[in-house]
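Just so you know, the sequences run in chain order A and B.
The opening residue of the first sequence carries number 11 in the numbering used here; numbering runs sequentially from there.
The opening residue of the second sequence carries number 580 in the numbering used here; numbering runs sequentially from there.
Here's the structure we're looking at; comments come further down.
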Amino acid sequence: MTAKNTSQAPSEEMVPIFVMGERFDVPASLTIQKAMEYAGYQLIRGCGCRGGVCGACGTVYRTPGSYRLEVGLACQTVVQPGMYLTLLPFFPGNRAGYDITEMEGTGEEVAELYPEIFKCIGCNACTQSCPMDIDVMQYMARAIRGDVSGVAELSFDCIMCGLCASRCPAEEVQYNVAILCRRLHGRNLVPAADHLADAVESVEGGRFDEPLQELMDMEEKDLIKIYRDREAEPDNAEDDWVPEDRDYVVSRSERD
Amino acid sequence: MPYPESLKKLIKKVEATRPARVERKKAGQEFEAVDVEDRDELLRKYHPDYRKGTRREIKVGPSKGYSISNEIVDLLEARSRIDPGLIDLSEPDYDTDLLVIGGGGAGTSTALIAQENGVEVTIATKLRHGDANTMMAEGGIQAASKGWKDSPYYHYLDVLGGGHFKNVPQLVKRLVNNGPDAIQWLESLGAMFSKESDGTLKTMHGGGTSRKRMHFAADITGAEIMRTIRDEARSREEDIEVIEFNPAVDLVLDDKGRCAGAILYNLETREYHYVRAKAVVLATGGCGRLHIQDFMTTNHYGATADGVVMAYRAGVPVSFLHTVQYHPTGVVYPEQAEGILITEKFRGAGANILNVDGEQFVYEREPRDVEAACIIRECSEDVGKGVPTPTGKVGVWLDSPMIDLLKGEGTVGREFPAKHILYERYGIDISREPMLVHPTLHYQNGGLQITESCETNVPGLFASGEVTGGVHGENRLMGNSLLDVVVFGRIAGKAAAEFVKKKGETGKPTLEHVKQYNQELDKEGVDTDRIAPMILPDYSNPEVRKRQLTTEYQGTIRG
Ligand SMILES: Cc1cc2nc3c(=O)[nH]c(=O)nc-3n(C[C@H](O)[C@H](O)[C@H](O)COP(=O)(O)OP(=O)(O)OC[C@H]3O[C@@H](n4cnc5c(N)ncnc54)[C@H](O)[C@@H]3O)c2cc1C
Ligand code: SF4
Ligand code: SF4
Ligand code: FES
């Protein structure tokens, strides 16, 4: 039987780590997050998805023999012997207020909300600290250039952990600039999907109310038959594939 | 952690059988699928839902006599975290129109729509806003957006087929009919769905879909939706207040039996606060962290079924909780990725599932429940051919290197970039070495009973998202849950706002229902010191726990 997500590995090699200076001996294969739990911490801050996607568990650490201050996600980083660490689950960040529906998506708008982007000194500390391997400095450079879509694309994998901001000498809040740009890009800078608007319109026109009611009223055995016989779009079909049976889809003539 | 020597030795057995397996695959010779006639018996014997002794009837409450997982019954047959006599309800600590409990996809959608309908909203959430299962969804969100080949009609059929035709029809109708509108709403908020250059949304198939209607934002669809709607909520902070690290532990009713708010527990100062509200929406998500039958889980840290517990105590019945969804392939080693989902696409691309001898024992594209049952059987004592991991667990191999051999060098890296990089960090190249997997607890199929307007049977109490039951019947299809939380989150927001506006004065607040529930526990002979809701799981080392002797120890949260 597979055991639950716990942190015991008794037969394993143990290594010392220092959590905010206090020494604990923990199994060598654990992540920082599980090692802290193994040591007896019950995490309240600094733990969310436990899978590297939510950005709750930013951690700062040093290892023996190195002058470097390193950062990582506690749920993704395996302990190293002698590491000194502290969680950085919260870092105060500035977020501009805006009403996205009143914006057009220009670089000027972004610069007006976050004028501090121009103070970036290009030191690259942000890029070096990003656990998602995002070229943070580069997306900040795009923001300075007013290239909103560029910021959106480069920052797409950002989990908003705040580690970049924690290391920035210019006091930028990179991830908030990034999400603004992504939303402007998604809303204003790529075309809206026409077929989506059409689909909404046919539903609102009540196009499927009757067919759906028929299904809802049907006996289970009849429903199963229709289900079994329904036509399947082939895996390798092109997007414009059209089914043989078009009674329950919106035909082209109906749409034009 | 790279694979240790013990596993490397076992991998040799996988490598030994690989060339012949690749040849068979190329020749179209598949491992024999489980006969449809035999499925029932297999499931009954090995699927966790059917395992003997894992379920029992609930002894108290509105669904008394309903038999569901022991772990959930344990929480329903438990006492409140608070002594109702000690809570002062005369002066609320917070006062709001609408209290939304849970800051995931459903709760945040609810808050936005309620605000648009003119009410003041407070979101109380256990961890940070957005620390939620919604953030973790990768695959996609379904909706019939391509009218020339798809419609809510076909979506409806697919949802029912997935749910064993047991779903609540009215709920499914709302889900599928509101699908396109939900996607359009997200598009208008600036969610970056993957699109063609002319704006056409990219769509693909998912398990059980008859049309390609799975929309996605690369492989982080849930995160993209969550961070977008969270940002929008932050833009409306004047009307939407968010209280983080403050889980609700019990609902408050008024003397007319209507919901009048909730008691929050401040995880840091350990105070209890009363939030008075004219209506409440429960959007607390799922239950993966209960580790039903000791399964590992894909769920986030706070998925502990709190909403089900609180509402049940207040008189809301539950349904479809007798089935739980297990995903056949979750990572079981290395430790740091434990429980994480490995998508079905690996098996679709040709990777075999293998036992400790490197032999096949199951066709790799069985339905989820059948696939999971076969893997569990192989790892069971009956067969005993699971692969032991260095951390004392058991799994089976998923032979990803086959994909490069079948489809050309570099395919794994190209088609599965996120997983390839993830494993690379651990020193494992999944285009050369297989992955160790085991079924993992994934989704709470059932939950609180609601109407198509998200009302519960308690006036003023609404619910939306994974905490509810009925939309997905006995089994949810991939992509319908994200749709569920957006569609029903929005419906709940509108319905609750309307309720707030129509409602007169809130009556005298009371926790009488909690007292009565305690009395019913006594009457039915449930003698327990269990405390619920659980709030957070406790993962500390048992050796340490033995020395944590504080007497005010409260359930899984230490006092
Ligand atoms: C790894 C993974 C992959 C998935 N992939 C997909 C997919 O591809 N497509 C799809 O459609 N679905 C997918 N799902 C399912 C889907 O993501 C979830 O079912 C859905 O997002 C649930 O949304 P929700 O808002 O109901 O709950 P959640 O998003 O979990 O939000 C619940 C919130 O309530 C909070 N909370 C809990 N208890 C309390 C309390 N007592 N007081 C206050 N707050 C509380 C939680 O902290 C959390 O913030 C996936 C799920 C997982 C885990
Ligand atoms: S860009 Fe900044 S906030 Fe985003 S993931 Fe990287 S370090 Fe974290
Ligand atoms: S750390 Fe700050 S100053 Fe340095 S490059 Fe990044 S944004 Fe610019
Ligand atoms: S806990 Fe979510 S990123 Fe680590």
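For glycine and all other residues, C-beta sits at the position ideal for the given N, C-alpha and C.
Quick check: does the Cβ of residue i come within less than 6 Å of any heavy atom belonging to ligand 1?
i, result
"A723/B", "no"
"T863/B", "yes"
"T1047/B", "no"
"G742/B", "no"
"D245/A", "no"
"S1060/B", "yes"
"L706/B", "yes"
"M580/B", "no"
State yes or no: is the C-beta of residue i nearer than 6 Å to some heavy atom of ligand 2?
i, result
"V146/A", "yes"
"L267/A", "The shown model of chain A, from 11 to 266, leaves out residue 267/A, and the question about it has no answer."
"I169/A", "yes"
"L173/A", "yes"
"Y185/A", "yes"
How far does the beta strand (DSSP E) with residue i in it reach, from first residue to last?
i, result
"H852/B", "851-861"
"G909/B", "904-912"
"T69/A", "68-72"
"P969/B", "Counting along the chain, P969/B falls outside any beta strand (DSSP E), and DSSP gives it neither H nor E."
"T701/B", "700-703"
Alpha helix (DSSP H) containing residue i: first to last residue?
i, result
"D936/B", "Neither: D936/B is in no alpha helix (DSSP H) and is coded neither H nor E."
"S585/B", "584-605"
"A657/B", "Careful: A657/B lies outside any alpha helix (DSSP H) and carries neither H nor E."
"A121/A", "117-123"
"I127/A", "Neither: I127/A is in no alpha helix (DSSP H) and is coded neither H nor E."
"G82/A", "That residue, G82/A, is in no alpha helix (DSSP H); its beta strand (DSSP E) goes 80-83."
"Q223/A", "219-227"
"M1057/B", "Note, M1057/B: premise wrong, no alpha helix (DSSP H); not H, not E."
"D885/B", "885-892"
"D232/A", "230-239"
Below 8 Å on the Cβ atoms is my contact criterion, and I expect residue i with residue j to pass it. Report the Cβ-Cβ distance as a whole number of Å.
i, j, result
"I692/B", "K1073/B", "5 Å"
"A242/A", "S789/B", "5 Å"
"K998/B", "I982/B", "Not confirmed; about 11 Å, so no contact."
"I127/A", "A153/A", "5 Å"
"P641/B", "P896/B", "4 Å"
"V962/B", "R956/B", "6 Å"
"A1068/B", "M793/B", "Correcting the residue type first, residue 1068/B is Gly in the shown sequence and not Ala. Contact doesn't hold; Cβ gap of about 19 Å is too wide."
"N934/B", "V973/B", "Their Cβ separation, rounded to whole angstroms, is 10 Å, which puts N934/B and V973/B out of contact at 8 Å."
Within 6 Å: the Cβ of residue i and any heavy atom of ligand 3?
i, result
"C140/A", "no"
"I154/A", "no"
What do you reckon, is the C-beta of residue i under 6 Å from a heavy atom of ligand 4?
i, result
"R1124/B", "no"
"L83/A", "yes"
"R60/A", "yes"
Could you tell me if the beta carbon of residue i falls within a distance shorter than 6 Å of some heavy atom in ligand 6?
i, result
"P826/B", "As far as ligands go, the structure on display features ligand 1, ligand 2, ligand 3 and ligand 4 and does not contain ligand 6."
Query - Three CB pairs or more closer than 8 Å across the segment 40-50 of chain A and the segment 1105-1120 of chain B - result: yes
Query - Contact the segment 56-63 of chain A vs the segment 82-89 of chain A: 3+ CB pairs below 8 Å - result: yes
Query raised in the report: Can at least three beta-carbon pairs, one atom from the segment 660-674 of chain B and one from the segment 1030-1040 of chain B, be found at a separation below 8 Å?
Result: no
Query raised in the report: Residues in the segment 30-62 of chain A with C-beta within 8 Å of chain B's C-beta atoms, listed in sequence order?
Result: S39, L40, T41, K44, E47, Y48, A49, G50, Y51, Q52, L53, I54, R55, C57, G58, C59, R60, G61, G62
Query raised in the report: Does the count of Cβ pairs from the segment 188-197 of chain A and the segment 216-228 of chain A closer than 8 Å reach three?
Result: no
Query raised in the report: Three or more beta-carbon pairs under 8 Å between the segment 923-931 of chain B and the segment 1000-1007 of chain B, yes or no?
Result: no
Requested in this report: Could you list the residues in the segment 144-155 of chain A with a C-beta less than 8 Å from some C-beta on chain B, going in chain order?
Outcome: none
Query - Cβ contact (3+ pairs, closer than 8 Å) linking the segment 225-235 of chain A and the segment 877-892 of chain B - result: no
Requested in this report: Could you name the residues of the segment 729-748 of chain B whose beta carbon sits closer than 7 Å to any beta carbon of chain A, in the order they occur along the chain?
Outcome: D729, S730, P731, Y732, Y733, Y735, L736, L739, G740, F744, P748
Query raised in the report: Which residues, taken in chain order from the segment 919-931 of chain B, show a beta carbon closer than 8 Å to some beta carbon of chain A?
Result: I919
Report task. Check whether the segment 871-878 of chain B touches the segment 694-711 of chain B, counting contact only when three or more Cβ pairs, one atom from each stretch, lie closer than 8 Å. Result -> no
Query raised in the report: In chain order, what residues of the segment 96-119 of chain A put their CB closer than 7 Å to some CB of chain B?
Result: R105, G107, Y108, D109, I110
Query raised in the report: Which of the residues in the segment 216-238 of chain A, read from start to end, lie with their CB under 7 Å from any CB of chain B?
Result: F218, P221, L222, L225, M226, E230, L233, I234, I236, Y237
Query raised in the report: Of the residues that make up the segment 768-779 of chain B, which ones have a beta carbon closer than 9 Å to any beta carbon in chain A?
Result: L768, G769, A770, M771, F772, K774, E775, S776, D777, G778, T779
Query raised in the report: Can you list, in chain order, the residues of the segment 1028-1042 of chain B whose Cβ is nearer than 8 Å to any Cβ on chain A?
Result: none
Query raised in the report: Between the segment 724-731 of chain B and the segment 209-216 of chain A, do at least 3 Cβ pairs fall closer than 8 Å?
Result: yes
Query raised in the report: Is the segment 1100-1108 of chain B touching the segment 667-684 of chain B, taking contact as three or more C-beta pairs under 8 Å?
Result: no
Query raised in the report: Counting Cβ pairs, one atom from each stretch, are 3 or more of them under 8 Å apart for the segment 620-628 of chain B and the segment 1077-1084 of chain B?
Result: no
Query raised in the report: Quick one, which residues of the segment 170-193 of chain A are near chain B if we go by CB-CB under 9 Å, in chain order?
Result: M170, N186, I189, L190, R192, R193
Query - Near-chain A residues of the segment 844-863 of chain B (beta-carbon distance less than 8 Å), N- to C-terminal order - result: L846, E847
Report task. Would you check if there are 3 or more beta carbon pairs closer than 8 Å linking the segment 900-916 of chain B to the segment 678-688 of chain B? Result -> no
Query raised in the report: the segment 749-764 of chain B: which residues have C-beta closer than 7 Å to a C-beta of chain A, in chain order?
Result: K752, N756, P759, D760, I762, Q763
Query raised in the report: According to a CB-to-CB cut-off of less than 9 Å, which residues of the segment 83-97 of chain A neighbour chain B?
Result: C85, Q86, T87, V88
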